[in-house]
C-alpha cells in the first residue's frame, strides 16, 4: 500500500513495439488479428487510418 492508503500496482508493465504483420497485408485484408502480450487484438485499416481493438477477456 502507498502512504495514502491506495493499493500499489505490483505488476510493472513495459510496453514495446511488436510485429503483427506486413503493412501491405493489413491494408489489403483491412484487418488482422494477433495475440500481443497474451491479449488478442484486432487491427483495422479503414479510410487510410489504423484502428485497434483489444479483447477485455483474460
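Numbering (UniProt numbering), first residue to last: 1 to 58.
Positions of the beta carbon are idealized from the N, C-alpha and C atoms, including for glycine.
Treat the numbers as computed from the prediction; the structure is a model and nothing was measured.
Residue i, DSSP secondary structure in three states
i: residue 23; result: helix
i: residue 28; result: helix
i: residue 33; result: strand
i: residue 18; result: coil
Terminal residues of the beta strand (DSSP E) in which residue i lies
i: residue 47; result: Residue 47 -> no beta strand (DSSP E), and no H or E assigned at all.
Beta-carbon gap between residue i and residue j smaller than 8 Å
i: residue 48; j: residue 32; result: no
i: residue 42; j: residue 53; result: yes
i: residue 39; j: residue 55; result: yes
Expected contact under 8 Å - CB spacing of residue i and residue j to nearest Å
i: residue 51; j: residue 44; result: 5 Å
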